[in-house]
Structure formats: C-alpha cells, structure tokens
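Asks: Note that my numbering has the first sequence beginning at -16, numbered continuously upward.
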Amino acid sequence: MSHELPKTYDPGAIEPRWAEYWVAEKIFSVKTPAPGSDAAKLPVFSLLLPPPNVTGRLHMGHMFEHTEMDIIIRWRRMRGFLTLWLPGTDHAGIATQLMVERQLASEGSSRQKLGRDAFVERVWQWREHYGGAILAQMKRLGASVDWEREYFTMDEDLSLAVTEVFVRLYEEGLIYRGKYIVNWCPGCMTAISDLEVKHEETAGKLYQIRYPVVGEAGRFVTIATTRPETMLGDVAVAVHPKDARYTALHGKKLLLPLLDREIPLITDELADPAFGTGAVKVTPAHDANDFQIGLRHNLPQISVMDEQARINENGGPYAGLDRYAAREKILRDLEARGLLAGMKDHALPLAKCARCGTVVEPRLSTQWFVKIKPLADRAIAAVEKGEIVFTPENYAKTYFEWMRNIYDWCISRQLWWGHRIPAWHCKACHEITVARTAPATCAKCGGLQLEQDTDVLDTWFSSGLLPFTSLGWPEKTRDLDVFYPTSLLITGFDILFFWVARMIMLGCHFMADHPQGSVPFRHVYIHALVRDAERQKMSKTKGNVVDPIEITEKYGTDAVRFTLASMASPGTDIAFNPDRTEGYRAFANKIWNAARFVFMNLDRVGGVSLTQGAPPGEMKHLEDRWIVSRFNRVAGEVNRGLTEYRFDEAAGAIYKFFWGDLCDWYLEIIKPRLSGPDEMARPALTFLGGILESSLRLLSPFMPFITEEIWHAMYDGKAPEKSIALAHYPRTDNRMLNDEAELEMTILQDLIASIRNMRAEMKVEPKVKTPVRIHADGMVHTLVSENQWMVERLAGVEGIGFADASLAQAPGARTTPRFEVALVYEQKMDVAAERERLTKELKKLEGELANAERQLENAQFLAKAPASVVEGIRRRKAEVELLIAKIRAALDGLV
RNA sequence: GGGCGGUUAGCUCAGUUGGUUAGAGCGCCUGCCUUACAAGCAGGAGGUCGCAGGUUCGAGUCCUGCACCGCCCACCA
C-alpha cells in the first residue's frame, strides 16, 4: 500500500482534474425523490444561482458570491440534506441587445438593416457562441451545482411561464397599459424603469424667462426653469393659489414666447412660492409633475421631442434640433427678444440611463405597467412576519423603505431581444387582446388582422419568477413540491430592488397556495462588495480589475476561495489583497505537507487501517485527548459560523486549528511515538489518520480540491465515497470535549513558550540543549513530570530539575501564576535588558492591581456587579499580587 | 432633500447580551535549512479603540453632538 502525493503542492496540477471529475461523474446531480421514498424524508436545502448574464465574464464579485454559495451548499450536502443548487443564465435583454448591436455596427450593419427576425436569430447565435462563459468558468472553479438542470431564461418552458404570468396578472387587473410619463432613454430608445435611472448631481443653470401677459403690453410673468427647451410644449403657467404676487393675474392668458401660443395662468398648489419666481411653466408631456397638473386642469399634452430627443414638428422653427442644440438656440432667441430675465448656477440631480449613460428624458408614451401596490403589500407583510429573514438584518429596513414608497413598474421595453408581450392589436378596431396564444380573430370586431405587440418585457420581469418557474411552474411539478420555497438566496445589495424584491412580490402572489409557503426563499444573505486592495471599486476603466481566473491560476482555487471566505464578514466590503491569498496558498501547502508527513509514516509502518472518522479509542495520551477535544470544539465553531453566515469565523477557526493546533503542536508532540517501534507507531498513526481525515472533511467546503486530492490518496483509491463532498460533515461530539486536557495542554504550552523565550533572549545556540529548573505546585508539578519528554523535546531542553519557590529570584527566571522556570545556563544574560523587561512588566501589573483594588473597594461595584465578575477580579488580583512579588524578587536577584 | 454604514496595531480586518490582561493575518525586527513544509520553524516589538460630552460600579461595546470617509434612495421647476 502506498499513498501517492507529489512532493510539491501544485494546485494547477490537481484542480482541473477534479473539476472535470465532479461534472463527468455527476457528483452534484440530485434526483427529485418520489413521494414516500426514503430520500423524500431528508431535510431539503435548495438555492437558486443568481443567473449570470449571457453577456458576462466572471468577475471577482461572482467568484465571491459563488464561493459563499458553494461553501454553504457543500456544507449542507455533507450534513445530510437533499441539496439542490440550480444554475442558469439570464438573457439580459437590453445588455445583450446592445452588445450584438455593437458587433453589427463594427460590421457596418445594424439591427434595422437586418430586420427584427434576423436580428433575434443573430442574438441567439451570439448567445450560443459567447453565452454561458461564466458557467464554464464555474465548472473550473468547482461550483457544486446540478449541471443537469441548467436553464436559460428564454428557454421555451420558461417563456411559456412568463406568458402565463403576464396573462394572469392582466386578467387580475394587475397589469395595465396606458399613456404616462416614463423614463425614456434616447440612447437605447426604450422606456426604462425607475431603478434603471441613476441620479447624478450636476452643475446646471436656472433660467428665468418672461412670458408676456396677453392684452397687457409690458406686463410679464417670469418663470424659472432648468430646461428651457421644453417650453415648446408648455400649455400653462402655474402659480400657487395663495401667492399674493399673482392674485391680480388669475384667469389671464399668457403668450408663450417664440411660438406665440396663448396659454392660461392657472393656480396649483404644486407651485412653490419660495422657489424661483413662484411661477412655473407647465409641460405635461415632458415632466412627471406637470403631467399631474395637466390632468388636474384638463390641459392638452404636447410632445415636442422624438424618440431620440430631437425636437419634433410641434417645435415650430426648432424642429429637427437635438434637445441641447434647441436649448442654446431658444436661449439666444429669448435673449434677442429681451425675454430672458436672468440665469444663475443651479445644482440639480440629472437622471441618466444606468446602461448607456445618456440623460434620460421624461417622455409621454404608451407602455405596460404592473400595478405594484397590492403585490408590494404582501411582500412587505411576508418580511414583517418573518417568513423571510434578511442577513445582515438592516437590509430589511432598506427593503421596507423602498417597498413602502414604490411606484408602478413599467415593464415594456422597445427592444427586440426578450420575451414578447402576449398582446395582440386589431388593425381594424385597435382593440387589444391579451392571450396565451395568438387569437385568430379580434374578439370585439371579428377582424382578422391582428398584430402582436412589438414590445418585449423588462428582463427582471422574467427573472423575478425564477424561484418557481425554474422548478417547472405553471405545471404542478414534484420539483415544486420538494424544493419550493428555496432555502436561501445569496446575492448583492445592488440587485436588492431589481431582483430580490420582485421575486418576493411575484412569489408571494403566484405561489400563494403552496403548502410549504408562498415566499420564494426563507433567508436572504446579502454579501458585500469586492474591492481592490486600496478599497477602490474594481472597474475596467480604472484598470484595477482582478481577474478571478488569473488569480486562481496563480495561487490555486482553494487559496482564493479561502481568502474570500476569510474576509467575508457581513456588512464589510472586501478589500481583495493578493498578499492575503499568498498566505492562504501557504496554508494549502501546509495541509499538503502535513498529509505527506502522515502518508510517509503510513507507508513506513504499514498495516494501519483507516476508517472514516476513526474512533479515538482509549486516549492514554494527554495530547490525544487534547487534539480530539480541540477538533470537536472547532467543528462546533465552524458549524455555528456557517449557520450564521460567518464565513470569516468558520474559516478562521479551521485555519487556527489545522495550523496552530494540529501542525505546530500535535504533530511535533507525537513524532517520537511515530518513529518508535511499530507497536507504538501503529495506534498513534491510526489516531492521527482519523484526525487528519476528519479535518479534511471539515475543511472540504472551503477548499474542495486539495481535500479531495488528499482524501482519495489517503484511502489509496478505496475511498468510501466517490467524493469527499459526499462524506459526512464533522459535528461536535460532546463526549470528546475535554476541558481538563485543554487546560493541561495550555499550561504545558505556556511552559514551553517561556523556555523558548528565555533561550531566545539569552541567545542560547539552537543546538545546545540546556537543563531547566522548574517550580510548580500540585497538579502542575505532576503534569510537568508526567510530560517531561514533551517539554524537553519541544523546548530544546535536556533535564528538568524541580526547585522551590526561591527559583523566582534566579537570574532571568520566567514567572507565571502557575510556575517559575529558569534555564541552567552559563549566563550571558544582558542584565540591563532583563531589568527593563521586568520593570515594564511590573509596571503593567501594578497598574492592573491598582485597578482591581479600586474596583474591589467600591461598594457599588460589589453590590451591583455579578458575583462571577467580582470573583474573577478577586482571583486575578491574588494572581497579580503573587506575580508582582515574584518579579520584585527577580529584580532583587538581578545583580 | 431623505436614509444607512464605517472610523480599533504600519496595512486589511475581528471583537457575541457592557465585565477580569483588546485579538488575527500580512508587514516589520531577531535567531534557525530542527529528517512534512524556508510557501517553513522559534522568539519579539507594535494600539490613550476618530474627537467631545453623557449614562453606568464599570464603555472599544449603549446614548447625544461633532469631524472625516463611503453607500443607497429621491418626479419640485
């Protein structure tokens, strides 16, 4: 029997092999259990991968998010859950369309030249070619998703589900069509939702313009505006009804400059007397507030711009000009006529398209909307009732804030790539029929010429349905029975409103009668942002993007994953620093070499059988009782950490255990046993093998590749499962927790550290073994004598002599509450340095003593503080007093 | 305009319901190739917890104010 592990840890040599193996062997595929089957009795854990865009390349944010999901999923799977992690991609309507259009432009073509059908065909080709890049990269990174269930949001079944949802919402009166002011992007030439608009504080100007009063030469009403070009669409000027400055003018007509159109002066509470001149121009077709005023006063709506924000035929002499060119010309013309009363600097939030950056134009247009309030109310209630729990919990507040101030959702897009709206227009009578399939005739007039609505749906409309449509809705599938609601959603706060909120609204609505609950997920974990080492947002323009594949090839996936996990403390952005990854690569190397060390001994001794989670047996040795206790404690910490999404704490606990406890102490302690005769080595090795094997399982969700490699090597090809990912996850066995052993080891570690410290300070040659003298009472005395070999070996000591309390005065002695220890060594001690060290320590202790005394003399403290705290301080005070006495004695001894 | 978060070692961050000596990694200094690992081992230095008040027997932790940094939301010209 031999256990093959190359001398050098080379992640590039092992990771691709396992990545392929997991996919080829379908390790992470999950069969939906039939009702009543054994598998159906398992607890279920399901999670939907936030579907990456088909346009996308994997970035650090994805890798972070995927690492967190993979850790949770692997952990749950190993804990015995029926575990589904469902992958897919999103068609990402506007983003993908833009990319293909750009490609066409580079070929000298355009979507208009191609025509709609050919263009959509082209996007499909594009998607075949470039789509799914992230999923391919995920395979390399070992994401344990069920690849057999991969979906695409434009798949036929998912598209049918989208239609079904649209029709039902329409029939319920929750989708309507109407002519309203929407956010219009003249760049993308489509309506966009409120969320797709980003407000940017911009330096602008506030212009004051004189509108002549009709029939009263020389009288004007001066209005204030930041957008003079929209005056072409003015239909009134509004003042506040109680604004005394204008009372005399109520009911008068004004003459709209430049176009010489007569418009009324009206009163409306919206006009703020304190702002500008108190008079505001009213342009219902180009401003959301004015739109409302227009409705209240029954005013006409005059659109003066086309879909590219150029002035249209309603703009008289300005027709054909771009909105900004028109602004300049209008200002010049006004000035020429003496109607420009003034202008001043004015900062204003400018609305820009999140996608292309073009300034958004509020535009009157006919669109489809979701009536959102009824959906939002239920979604709010679901979170209020705790049916969905947010982590970190303050995101629930953000969620409520948005949900309570929500506006109807504009879902139609004037794009070609996406789910077509299932509505048909009759050419004869303009009746609109919403239906699951194309109607043959118009229900109203019987007309035969029906045309499907040319718009497509907002991408988020379909992704908002995924928690149930990806499980087969509207069919009543077994998958829905088993996996809905999903257990968890892990995502970023940037799509909290876009996606999370909409999934909740739509899930609660469409899954209202699901037996296990309507919410799409039980928990939402919102992760932070990955930034660069200087905390800057990663962006291509800044050139500070860390490419996950590159960094992975350099340090190994396991090291990058461990870095991300270690830094994933909730609510704090991650400043990704490759130095840190280098440290975790060293950790992986440590694990590798620890395994090699074990294997080397296994091969030498032979005849050691490894069974998964080898029972600890009698544990005659302190170090065995100790390491098992530590392991079980750490297993508890890791499980708790993962339960609370404290990836950092879980990863930190394992790191400390494996490196600090197992490698630095345990392995060193048992080396003599391992190199002893086979009868001694064999049980030690069996025990060690058990600890290593358990540790690999504990570590596996964090570092799946290296643990898989070592685990299989350990079993020499006869592993009990096809993958360590299918083995059981360690849990705390309370019977193995051993406070006594942990205390004893701590004392021995203190003693050894003290001796090492003395040796270093006295510059004892490393190869020189010095005798030591120790003073300790009772239990500690026994402990030291029983483990003399351990102290000798680890501290570089030869011969331990016991002494009385006067040892404290020996030159250079180290003093602790439990023991004194001194080297027996030809002194080359630096007396001055030693005095300084002791004085410094004394000062600190005296400070502490004074503190303790002050507290213990304080009646209030004694009366109010819990007994355990008072007792603790008493004990510490006694300890400090003792130490002070010892250090004073040592100082006296320093001559 | 509204809301949220942050400020702890040179750097990046932890710090549970207030309670005895504020921790880690990296970096830094010193000494070591000790037969798993120099990607390693051992030892060490380094912090008035942003500032000012307050509550409390007791504050890094709770409250108020201030300063600085960051984020989200927003249809008043």
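For glycine and all other residues, C-beta sits at the position ideal for the given N, C-alpha and C.
Are ALA668 and LEU657 close, meaning C-beta to C-beta below 8 Å?
Replies: Sequence check: residue 668 is Leu here, not Ala. Their beta carbons are under 8 Å apart, which means LEU668 touches LEU657 by this criterion.
Asks: Applying the criterion that 16 or more other CB atoms from any shown protein chain within 10 Å of the CB defines a buried residue, is GLU676 buried or exposed?
Replies: buried
Asks: With a threshold of 16 other CB atoms inside 10 Å of the CB of GLU533, please say whether the residue is buried or exposed.
Replies: Around the beta carbon of GLU533, fewer than 16 other beta carbons sit within 10 angstroms, so the residue counts as exposed.
Asks: Looking at the secondary structure, which residues open and close the alpha helix (DSSP H) in which ASP328 lies?
Replies: No alpha helix (DSSP H) contains ASP328, which is instead part of the beta strand (DSSP E) from 323 to 336.
Asks: Could you compute how far the alpha carbon of ARG820 sits from the alpha carbon of GLU744?
Replies: 11 Å
Asks: Look at GLU51 and ILE473 and say whether their C-beta atoms are less than 8 Å apart.
Replies: yes
Asks: Are the CB atoms of SER683 and ASP631 within a distance shorter than 8 Å?
Replies: no
Asks: By a C-beta neighbour count over all protein chains shown, 10 Å radius and 16 as the cutoff for buried, is CYS425 buried or exposed?
Replies: buried
Asks: Work out the CA separation of GLY779 and VAL751 for me, nearest whole Å.
Replies: Annotation: VAL751 to GLY779 spans about 8 Å, alpha carbon to alpha carbon.
Asks: Closer than 8 Å by C-beta to GLN95: which residues in its own chain qualify, once you throw out the five before and the five after it? Chain order, please.
Replies: none
Asks: Which value, in whole angstroms, describes the spacing of the CA atoms of ALA880 and THR66?
Replies: Absent from the model: residue 880. The displayed extent of the chain is -16 to 878, so no value can be given.
Asks: Suppose contacts are defined by Cβ-Cβ distances below 8 Å. Is PHE685 in contact with ILE54 by that definition?
Replies: Contact: yes.
Asks: Hey, how far is the Cα of ASP716 from the Cα of ALA618?
Replies: 9 Å
Asks: Tell me the rounded alpha-carbon separation between LEU(-12) and ALA578.
Replies: 8 Å
Asks: Looking at C-alpha atoms only, which residue of VAL287, VAL265 and TYR808 is the closest neighbour of ASN281?
Replies: VAL265
Asks: Which class does ARG62 belong to by DSSP, given the choice of helix, strand or coil?
Replies: coil
Asks: If you reduce the DSSP assignment to three classes, tell me which class CYS168 lands in.
Replies: strand
Asks: Below 8 Å on the Cβ atoms is my guess for GLN80 versus MET172; work out the distance and round it to an integer in Å.
Replies: With 8 Å as the limit, GLN80 and MET172 do not qualify as a contact, their Cβ atoms being about 11 Å apart.
Asks: So if DSSP puts ASP305 in a beta bridge, which residue, or which two residues, is it bridged to?
Replies: ARG293
Asks: Could you check the C-alpha separation between GLY44 and LEU825 for me, to the nearest Å?
Replies: 50 Å
Asks: Applying the 10 Å Cβ sphere with the 16-neighbour rule, what's the burial state of ALA207?
Replies: buried
Asks: Relative to the C-alpha of ILE735, which residue among THR753, ALA786, GLY429 and PRO34 is closest?
Replies: THR753
Asks: Does DSSP put GLY187 in a helix, in a strand, or in coil?
Replies: strand
Asks: What number of angstroms, rounded off, separates the C-alpha of MET(-16) from the C-alpha of MET728?
Replies: Only weak support exists for where MET(-16) lies, its pLDDT of 43 falling under 50; the value from the coordinates is given anyway. MET728 has its alpha-carbon roughly 35 Å from the corresponding atom of MET(-16).
Asks: How about LEU30 and PRO70: are their beta carbons less than 8 Å apart?
Replies: no
Asks: Taking just the CA atoms, how far does LEU709 sit from VAL37?
Replies: Going by the C-alpha atoms only, they are around 31 Å apart.
Asks: Could you give the C-beta distance for VAL220 and VAL263, rounded to a whole number, given that I count them as a contact under 8 Å?
Replies: Rounded, the Cβ-Cβ distance is 7 Å, consistent with contact.
Asks: Based on the DSSP secondary-structure assignment, which residues constitute the bridge partners of PRO195?
Replies: PHE203
Asks: Between VAL439 and ARG403, which are expected to be in contact by the criterion C-beta below 8 Å, what is the C-beta distance as a whole number of angstroms?
Replies: 6 Å
Asks: Ends of the beta strand (DSSP E) at LYS264?
Replies: Judged by DSSP secondary structure, LYS264 falls within the beta strand (DSSP E) whose first and last residues are 262 to 265.
Asks: Report yes if the CB atom of GLY299 is closer than 8 Å to the CB atom of ALA309, and no otherwise.
Replies: no
Asks: Determine whether the beta carbon atoms of LEU845 and VAL852 lie at a separation below 8 Å.
Replies: No, the Cβ-Cβ distance between LEU845 and VAL852 is not below 8 Å.
Asks: Can you look up TRP407 in the DSSP assignment and give me helix, strand or coil?
Replies: strand
Asks: Does the contact criterion of 3 or more C-beta pairs under 8 Å hold for the segment 302 to 322 versus the segment 159 to 167?
Replies: no
Asks: Strictly by DSSP, which residues pair up with SER29?
Replies: LEU67
Asks: May I ask you to verify whether the segment 538 to 545 touches the segment 613 to 629, counting CB pairs closer than 8 Å and requiring at least 3?
Replies: no
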